[in-house]
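S.K.:
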Amino acid sequence: MKFICPLIVANNMEISRNFYEKVLDQKVQYDFGENVSFEGGFVIHLKSHFSDLININKNDIAQKSNNSELYFEEADLDSFLQKLKDIDSIEYVHGLKEQPWGQRVIRFYDPDMHIVEIGEPMESVVKRLLREGLSVEETSKRTSMPEEFIRQFL
Numbered sequence: 001m002k003f004i005c006p007l008i009v010a011n012n013m014e015i016s017r018n019f020y021e022k023v024l025d026q027k028v029q030y031d032f033g034e035n036v037s038f039e040g041g042f043v044i045h046l047k048s049h050f051s052d053l054i055n056i057n058k059n060d061i062a063q064k065s066n067n068s069e070l071y072f073e074e075a076d077l078d079s080f081l082q083k084l085k086d087i088d089s090i091e092y093v094h095g096l097k098e099q100p101w102g103q104r105v106i107r108f109y110d111p112d113m114h115i116v117e118i119g120e121p122m123e124s125v126v127k128r129l130l131r132e133g134l135s136v137e138e139t140s141k142r143t144s145m146p147e148e149f150i151r152q153f154l
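Numbering (the UniProt record's numbering), first residue to last: 1 to 154.
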C-alpha cells in the first residue's frame, strides 16, 4: 500500500484555491472542479461534494478542530511574514515563535479553518545559529541535527 496525500475540505473552492495559490505560492497539479491537487502533495475538495461521497451531512464535517495541520517550509521566512502582515483576513493560531530546537515558525488558519504552519527549513536554522556564533557542537545539541549535517554549512 502507498500513501498518496492528505485531503482537506473547502467550503468555497475559489477562495481556498486563491489562498493556497496567492498566499502560499502553491502550484495546481490537477483541477477537477470539486477537487484540486497541488504539486506540494495535498488536495482541497469541495465540502458539499465530499460529504456526498462519504454519505454524511456536510454540517457533520468539523471546522477548526485544531487536530492537524499542513506544514510548509519557507527559506525566506522574514519576507513571507511581511507578506502576511498585508493580509487582514488571516486569523493566527500564534505569531512567530522559536521552537525548542531553534526553528522559527508561525501558525494560522486557512479560509476553512485548517491550521497552516510555516517554518524555516532546518538548513536555514543551522545557518542562522552558526551566524549567531554557536559552535558545531552547540548547534547540534540545540537542533538535534547531526554534526556532519551542520559542518556542510561552514
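We put the beta carbon where it would ideally sit given N, CA and C, even for glycine.
Okay, do the stretch 106-124 and the stretch 85-96 touch, 3+ Cβ pairs below 8 angstroms being the bar?
M.R.: Taking 8 angstroms as the limit for Cβ pairs, the verdict is that the stretch 85-96 does touch the stretch 106-124.
S.K.: Do Ile-150 and Val-116 have their CB atoms nearer than 7 angstroms?
M.R.: No, they are not a contact pair.
S.K.: By how many angstroms is the C-alpha of Lys-83 removed from the C-alpha of Ile-8?
M.R.: Cα to Cα, the separation comes out at about 24 angstroms.
S.K.: On the three-pair Cβ rule with 8 angstroms, is the stretch 26-41 touching the stretch 130-142?
M.R.: No, they do not touch.
S.K.: If you reduce the DSSP assignment to three classes, tell me which class His-114 lands in.
M.R.: Note: His-114 maps to coil in three-state DSSP.
S.K.: Ordered along the chain, which non-local residues of its own chain (more than five positions away) have a Cβ less than 6 angstroms from that of Ser-37?
M.R.: If we look at Ser-37 and ignore the five residues flanking it on each side, its Cβ neighbours are Gln-29, Tyr-30, Val-43.
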